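First up is the structure itself, then whatever we jot down about it.
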Amino acid sequence: MQLAMTRTSKTSRSKMIWKTRYSHTSLWAGTGALEKVLKPLCSSIGYLEGDEATLSAVYACFLFIAHHLKSVSDSTLEGLGVDRLSMLDFVHVRLKTIVSSVHVLAFVTDPLFYDMRLNLARRYGQEFLNLGSEVGLFTQCRDALERIAGNDDELRAILAEQFAYFLAMRMEQTLFANVKHFKPWLIWAQVDDANLCHLARVLVQVHSNPSSAVGGERNHKTNSRVHSKQRIRLGEERCQRQVAIAFNAGQLERVLQKRREEPFLIHIANIGSECAEGISSGNPPATGDDLEDASDVPEDEFRIVEDPSCILDQYLGDVDDVEEIIGQGVVYRSQMT
């Protein structure tokens, strides 16, 4: 009986420690601040690793993250012990290790991100779109076109002229505005304007590239089918190769969407527009749910409960219940399991 009471007192002390630790406001304030800063980053990574991600979305996601960091309140950053400039510098440094001038060209020539580019330039200035690069956005696009043209001086001059013509166009007065939700290579494949014909052929190839190493590896495996099922059964490493064949077969049966209707992508494409004014940039719709401010969260939600530690009661049990069980001669370890 004394041993049972000792265990009960230890359980009571342990429970008080858990309650004190998890009911402290600083813990939940820091957790909420961390979620607000990292959620756009996690949503961007999740989208870019999918099959439907386009090459232009890579640069758009970096711009979205930079815009989000500019919009986060000072109190949130102070709660995490970081400053805004350091976070933006981290985004710029990480961008240089991933993005090339071809990514910039894909972003600028994707009609879906036309409004995003104009809205961010209007809000923060044209330099913000460079994301820390000393080279301007359009200059990077021209560099990419020069690399694509190679040693063909005539093609280089034609691409530069047609790219300038594209930048001078008003998107609202063209077909681009009506079909911008289609995949970019499908849009440029339908361009029959004589003033854009050479540029269109180049951009179809640019936008057809995978958005990430994950997509590249996936396509590489799809095109590298080896041997037949019958031959694999007679050779070595039968299990591994059968798995590879099954994976390739599944990849070959993929049917990619022609339109871009992902809520997350539509959200970042509308940054700065009227339909996105009421949406908090710190909570992008990674799923189909609408974004909501913390003040609109119902009272039964976990993050605004008055005593968060009370949620643990259903798992830890109550001290009175433990004493009653022990008094009935039940082994205490069964209460913990």
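For the sequence shown, the residue numbers in the working numbering are 138 to 474. Glycine included, C-beta positions come from ideal geometry on N, C-alpha and C. Predicted model only: the values in this text are computed from it and were never measured.
Beyond the five residues adjoining it in sequence on each side, Tyr251 comes within less than 6 Å, by CB distance, of Met308 in the same chain, given in chain order. In the three-state scheme derived from DSSP, where H, G and I count as helix and E and B as strand, Arg307 is classed as coil. Just measuring C-alpha positions, the residue of Lys207, Lys395, Ser237 sitting nearest Ser223 is Lys207. Looking at the DSSP output, Phe319 bridges to Arg396.
Of all alpha-carbon atoms in Ala197, Glu215, Leu192, the one lying nearest the alpha-carbon of Ala170 is that of Glu215. Counted as a single uninterrupted DSSP element, the alpha helix (DSSP H) harbouring Leu255 occupies residues 251-261. In the structure shown, Glu189 adopts coil according to DSSP, grouped into three states. When DSSP states are grouped into helix, strand and coil, Gly218 belongs to the coil group. Secondary structure of Gln327 (DSSP, three-state): coil.
Three or more Cβ pairs closer than 8 Å define a contact, and the stretch 260-279 meets that threshold against the stretch 228-248.
Leu296 places its beta carbon less than 8 Å from that of Ala286.
Ranking Ala190, Thr168, Ile202, Asp188 by CA distance to the CA of Cys179 puts Ile202 first. Residue state for Leu333 is assigned as coil, using DSSP reduced to three classes. Cα atoms of Gly187 and His344: separation of roughly 16 Å, rounded to the nearest angstrom. For Glu283, the secondary structure class from DSSP, reduced to helix, strand or coil, is helix. In its chain, beyond the 5 residues on either side, Pro248 have a beta carbon closer than 6 Å to the beta carbon of Phe313. Rounded to the nearest whole angstrom, the CA to CA distance from Pro177 to Leu402 is 12 Å. In this structure the stretch 234-245 does not lie against the stretch 325-338, because fewer than three pairs of beta carbons, one per stretch, are closer than 8 Å.
By the neighbour-count criterion, in which a residue is buried when 16 or more other Cβ atoms sit within 10 angstroms of its Cβ, Leu200 is buried. Distances from the CA of Ala406 to each of Leu175, His318, Asp289, Leu340 were compared; the closest alpha carbon is that of His318.
Only residues of its own chain outside the window of five on either side were considered, and among them Cys278 have a CB closer than 6 Å to the CB of Val245, listed in chain order.
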